[in-house]
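Quick note on numbering: the sequence shown equals residues -18 to -1, 1 to 546 in mature numbering (1 follows the signal peptide of the UniProt record, and there is no 0).
Heads up, the beta-carbon is just placed ideally off N, CA and C, and yes, glycines get one too.
Every value quoted in this text rests on a predicted model; they were computed, and no experiment measured them.
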Amino acid sequence: MLRQPLAWAAFLAALTAAERVHQVPPQKLRGEVLPFPDSCDKLKTGSYKVNKSGLQLQDCTISAGTDVKVELKRPLIVHGNLTVRGNATFWSPKYLRNSFQEACLQVDHLTVSGKLVMQRCQNFAADGQGGCLKATSLFMEDGLLDLKHCTSMGEGGGAALGSLHQRAGEMRFTECTSTDLLGGGLYVEDDLTQAGGQLAFKDCHAHQGGGLYAGKASTNGTIRIEGCSADSGGGAIVKSLQQGPAGRFQCHGCKAILPSTSRLSFTFELEGGIGGCLLVYGGILAEGRVEAEEVSASDASAVATWGHATFHTLLASQAQGRAVKVEGRLAVQELTAGPSNWSVEVEAEKMAVKFANCGEVAECSFKVSGKHQNGTDLVWPRCRAGSGIVDTDADADRYVSRGCYTCPGGEFQLQQGVAASCTPCPAIWKCTKNKLQMPKGWMAPVDPEKLRLAELNLTREGRAIQCLSEAACPGGQLPLDLAKPMCSEGRTGVLCAACTAGHYATKGECEKCQEASQEEKVHLWGTAAAVAAIGLGLAGVAWLSRGAVTEYWKQAGGPLGPRF
């Protein structure tokens, strides 16, 4: 019975001795939470809390190898520079969520090369900037900046910055909200410069710019925005965008939908649910990739800009309605719409599109203002089966349009291809918009290679021919389908009159060649061997006979008698 008290006494004695000689930090042994020191030089690995209001530090470095966890019952203010080279986690207790009237962490200049995590910070000042973080400038050298569950009533639900420069590393904003203003995840007042690394937003929301709101954005890294929403600029709003060749701007599942109780504090264009993925006030120069997937908006579900826009590669997948709206001139090297069962529309004052792939959408159209149509340079888009190209100026005073439209009744288009037109259904064929069905007893001598190469001439090769035997022609289908061939099994050629390899003709039918039994194979081999032996014997006799005749003529002086 005395062993446990004695053991506990020994442990306490050892603990006291260790503390006396400073072998182990006492807060680490006992799990203590210490008051945050008045100087970062005193920070060691361990847990701290900020209790007193208005704690202000002058320059602070969290050194490499240090791991600190800080509970914020009051905001922390750092004048000068805060440098995070180690690991630091800041969070606010849930029961204090309504007490802050400023950002949890306020810094003049923040540099991150380690790991900085901030969670559950709320700034409920009416014009408060930054739920978790407010900084004049942020330099992301490397490592990780991770902000979660942050809220502000003003700009920057996660963070509000004067400027941002990202050289490498990853910045993440998850479930952050600006309830009344701009930038649900991040608000950058001036320049956002991204030389590399990744900037990621997930499930962030705002009045404008669901994930990101920034001034001039220059990026050669990756910006990924997922599941974010706003009244306008569901993924992001920037004043201008310049993207390098290695840059990728990706939106997935973002939306800009005007709520029924909208506040009319901005122009209708801003309030009108425009730019499901990206809204740019000025111009766009994107040399990398811009990808918008499963995005929606009242207008311009993928991209909208009131300036000129140049894209190297633009992808609008599962984009509803008008996907792209450009008030100025649009230039695209490669545009892909789809896959989608919706119609996709691209509109600009002037347009130059080098390659347009609409092969996986129901319909697509490229519209330009009628008064600027002379400045338009459009290639014919690639259309999917069942739709064909249309070039119209029916309302030329307003706009001209080129695109892929569903084939009307009585017309068809079989393949995905560039400049594919809908064609009237030929005689005899039963026609749908993307299939041709031949009636039973008829066939068409179609070359499968030409069908694949989009060289099929239905006037010549697709003509209907009545077969001699109805059983020979079950009624084939185009595109060619193994389940519905032109000829019945074992038949091929015009009228399906010839037999395929492995079949033989008998009494007007093509019968499959039967494989011989083992006994038949032995018999055939024996017969073949006997025939071969007889042949060799006859050849030998012939050779011997030839030798005897030759000797006879030699003795007789040749066939004409002896020579003199």
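- With at least 16 other beta carbons inside 10 angstroms of its own, residue 213 counts as buried.
- For residue 483, the secondary structure class from DSSP, reduced to helix, strand or coil, is coil.
- With respect to the 8 Å criterion, residue 215 and residue 187 are not classified as neighbours on the basis of their beta carbons.
- For the region 218 to 304, the full-length alpha helix (DSSP H) segments reaching 4 residues or more read 250 to 253 along the chain.
- Within the same chain, Cβ atoms closer than 6 Å to the Cβ of residue 123 are found at 95, 149, the five residues on either side in sequence being excluded.
- Straight-line spacing of the CA atoms in residue 269 and residue 228 works out to 8 Å.
- The C-beta separation of residue 420 from residue 391 comes to about 19 Å, leaving the pair out of contact by the 8 Å criterion.
- As a beta-bridge residue in DSSP terms, residue 334 pairs with 313, 359.
- By the Cβ neighbour-count rule, residue 33 is exposed, with fewer than 16 other Cβ atoms within 10 Å of its own.
- Here residue 476 carries a helix assignment [DSSP, helix/strand/coil].
- DSSP, reduced to helix, strand and coil, places residue 26 outside both helices and strands of the structure shown, so it counts as coil.
- By the neighbour-count criterion, in which a residue is buried when 16 or more other Cβ atoms sit within 10 angstroms of its Cβ, residue 299 is buried.
- At a Cβ-Cβ threshold of 8 Å, residue 326 and residue 343 count as neighbours.
- Burial is judged here by how many other beta carbons sit within 10 angstroms of a residue's own beta carbon; residue 35 has fewer than 16 and is exposed.
- Buried is the label assigned to residue 103, since at least 16 other Cβ atoms lie within 10 Å of its Cβ.
- In this model, residue 30 and residue 230 are separated by some 39 Å (Cα to Cα).
- By the C-beta density criterion, residue 450 is exposed, having fewer than 16 other C-beta atoms within 10 angstroms.
- At the C-beta level, residue 330 and residue 308 come within 8 Å of one another.
- Here the alpha carbons of residue 93 and residue 52 stand approximately 18 Å from one another.
- A direct Cα-to-Cα measurement between residue 58 and residue 19 gives close to 11 Å.
- Taking a 10 Å sphere around the C-beta of residue 139, we find 16 or more other C-beta atoms and assign the residue as buried.
- Residue state for residue 471 is assigned as coil, using DSSP reduced to three classes.
- Sixteen is the threshold: since fewer than 16 other Cβ atoms of the shown chains lie within 10 Å of the Cβ of residue 75, the residue is exposed.
- In the three-state reduction of the DSSP assignment, residue 446 falls in the coil class.
- Residue 123 sits in coil when the DSSP states are folded into three classes, being neither helix nor strand.
- Of the residues 224, 302, 54, the one whose Cα lies closest to the Cα of residue 275 is 302.
- Around the beta-carbon of residue 488, fewer than 16 other beta-carbon atoms lie within 10 Å, marking it exposed.
- Under DSSP, the beta-bridge partners assigned to residue 419 are 412, 459.
- Among the bridge pairs identified by DSSP, residue 393 is matched with 406.
- Straight-line spacing of the CA atoms in residue 191 and residue 223 works out to 14 Å.
- When secondary structure is reduced to three states using DSSP, residue 70 falls in the strand class.
- The residues 51, 99, in chain order, have a CB closer than 6 Å to that of residue 71 in the same chain once the five nearest residues on each side in sequence are set aside.
- In chain order, 317, 363 place their CB closer than 6 Å to the CB of residue 338, counting only its own chain and leaving out the 5 sequence neighbours on each side.
- Residue 237 sits away from residue 272, with the two beta carbons spaced by 8 Å or more.
- By alpha-carbon distance to residue 44, the top candidate from 402, 68, 312 is 68.
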